[in-house]
Amino acid sequence: MSADPLTQSPPEAISHGSIFKRFWPQISGTFALLTVENVLGVAEPLVLGIAINRLVEQDWTGLAWLAALELTFIIVGIVRRMYDTRVYTRIYARVGSDLVAREQAKGSPITQVNARADLIKEVVDFFEQILPLSLTAGFTLIGSLVMIAFLDFRVFVVATVATVLTGLVFWIASKRIHTLNKALNNQYERQIEVFERMRASSRNRHFRRLAMWQVRLSDLESLNFGLTYLFLIAAMLFGIYDAVTRLDAPIGTVFALMTYLFQFVQSVVALPITYQQGIRTSEITQRVSD
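Here the sequence shown is numbered in this note's numbering, starting from 7 and rising by one per residue.
Structure below.
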């Protein structure tokens, strides 16, 4: 009988890859449920469009299909969320305990041990919260683009260009994102040491520096968001114009195209959040593995 991944000896270094390798059966289970949920979500606008077209013809079968899809979506979503909580709380308990034991064995100061135990929670949260968001956004992006290509190829070309431009913006900003997160985490690791001094000047300076790095990160993220959203809104407006003025299609089909355009915009906006958190948590895993 193979050993339980939750009781195996800890890896020498903590990283996204090592956590997945160590707990891959449990994490793969969450991804499988998430995949089913995403397939149903991508199919929803198409089934809704079919339902509208059939209702116009007094045919109720499309509405029945839509109701069945929505019920399945709800059931899968409930099961996945309950399962996720159980998996990731166990993973954090194990990884966090191993991290503290490793730091204490190295003789690390308690301030560093405490800060790194808090930081490693962000890495586990990345798997539980951010990575599913990324997978959902990626699945939705690909699914919406495929459906848009099927419904209106010109809109598909414009949407693809907007996606490439968005990726380019965040690729250019990646080094700056890493630098700012490193500075912020350095400040977090000094927090308990600052508190132990019990000096108002040190405490105030510490919080001013935390605020400074957080503001700089927020400013960069806001600028990136503004640039990318310009590309996405331009693609969506072109899609609406092209669908309404050029397509000779039933109202349900036009509605489906509009819905896929909105899904496309939402998915592209969500992906940079994952990218930024991936950079941040990668800096954390490098830090705690030193």
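Note that CB positions come from ideal geometry on N, CA and C, so glycine has one too. As the structure is a prediction and not an experimental result, all values here were calculated from the model.
Residue 220 versus residue 23 - alpha carbon distance: Take the alpha-carbon of residue 220 and the one of residue 23: they are about 27 angstroms apart.
Sequence-distant residues of its chain with Cβ nearer than 8 angstroms to residue 54 (five each side left out): 72, 258, 261, 262, 265
7 angstroms Cβ shell around residue 289 - same chain, five flanking residues per side excluded: The residues are 184, 187, 188, 191.
Distance between residue 226 and residue 10 (C-alpha atoms, nearest Å): With a pLDDT of 47 at residue 10, under the threshold of 50, the modelled position of that residue is not reliable, and no figure is offered here.
Beta-carbon spacing of residue 78, residue 46 below 8 angstroms: yes
Cβ pair residue 280, residue 84 closer than 8 angstroms: no
Burial state of residue 271, where buried means 16 or more other Cβ atoms lie within 10 Å: buried
Pair within 8 angstroms by beta-carbon distance, residue 160 and residue 248: yes
As assigned by DSSP and simplified to three states, the class of residue 29: coil
Whole-angstrom C-beta distance between residue 36 and residue 90, which should lie under 8 angstroms: 5 angstroms
Backbone CA spacing between residue 95 and residue 168 [nearest angstrom]: 38 angstroms
Three-state class that DSSP yields for residue 207 in the structure shown: DSSP places residue 207 in helix when its eight states are reduced to three.
Under the three-state DSSP convention, the category residue 150 falls into: helix
Coarse secondary structure for residue 66, derived from DSSP in three states: In the three-state scheme derived from DSSP, where H, G and I count as helix and E and B as strand, residue 66 is classed as coil.
As assigned by DSSP and simplified to three states, the class of residue 13: Summary for residue 13: the model assigns pLDDT 43, below 50, so the residue's position carries little reliability; its value from the coordinates is reported in the next sentence. DSSP places residue 13 in helix when its eight states are reduced to three.
Among 30, 148, 102, 155, nearest to residue 129 - alpha-carbon criterion: 102
C-beta contact flag for residue 166 and residue 151 at 8 angstroms: yes
Same chain, Cβ closer than 6 angstroms to residue 233, neighbours up to 5 away in sequence not counted: 175
Presumed contact (8 angstroms Cβ cut-off) between residue 33 and residue 145, rounded CB distance: Their Cβ separation, rounded to whole angstroms, is 16 angstroms, which puts residue 33 and residue 145 out of contact at 8 angstroms.
Proximal residues to residue 154 (C-beta, below 8 angstroms), its chain only, five neighbours per side dropped: Contacts found: 161, 162, 165, 245, 263, 266, 267, 270.
Simplified DSSP assignment, three categories, for residue 112: coil
Helix, strand or coil at residue 256 according to DSSP, with G and I counted as helix: coil
Three-state secondary structure (DSSP) of residue 282: helix
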